[in-house]
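Residue numbers (our numbering): 5 to 110. Beta carbons are placed, not taken as given, at the ideal position from N, Cα and C, and that holds for glycine. Keep in mind the model is a prediction, meaning the values are calculated, not measured. Working notes for the structure below.
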Amino acid sequence: MFGLTKREQRWKAEQKTAETLVPLVTAIVQAQSEASELERLRAENKAAWDSAEYNARRAEKAEARAAELESFVADVADNYDCDEDAHRYGTQCRKCKAAALSGRGG
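Have a look at this one:
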């Protein structure tokens, strides 16, 4: 029959271009969205890892401090004499308290 006019040809070319570009643009937007989600998750993981490392260092320091205190209490329980006045007047004897804390009697 009749051929397409210039306007119809241009419209058809634009339609073809749109049909090709829409899926491509959709895929690009989706990829960017996934990339931003990935970056957010990486930031969350880094924060969690940093927090875990910080807490591990704090736990190590607390354990070391507890060991020092246990050593000191054991030293007082083993190497100090009872406070006779404390026993006489019913006040707290440091050696007996340290022995009770260290599990060595009291």
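Could you have a look at residue i and say whether DSSP puts it in helix, strand or coil?
i, result
"residue 85", "coil"
"residue 8", "coil"
"residue 108", "coil"
For the region 94 to 110 against the region 67 to 84, are there 3 or more C-beta pairs whose distance is under 8 Å? yes
Hey, which unbroken runs of the alpha helix (DSSP H) at 4 residues or more fall wholly within the region 33 to 102? 88 to 93
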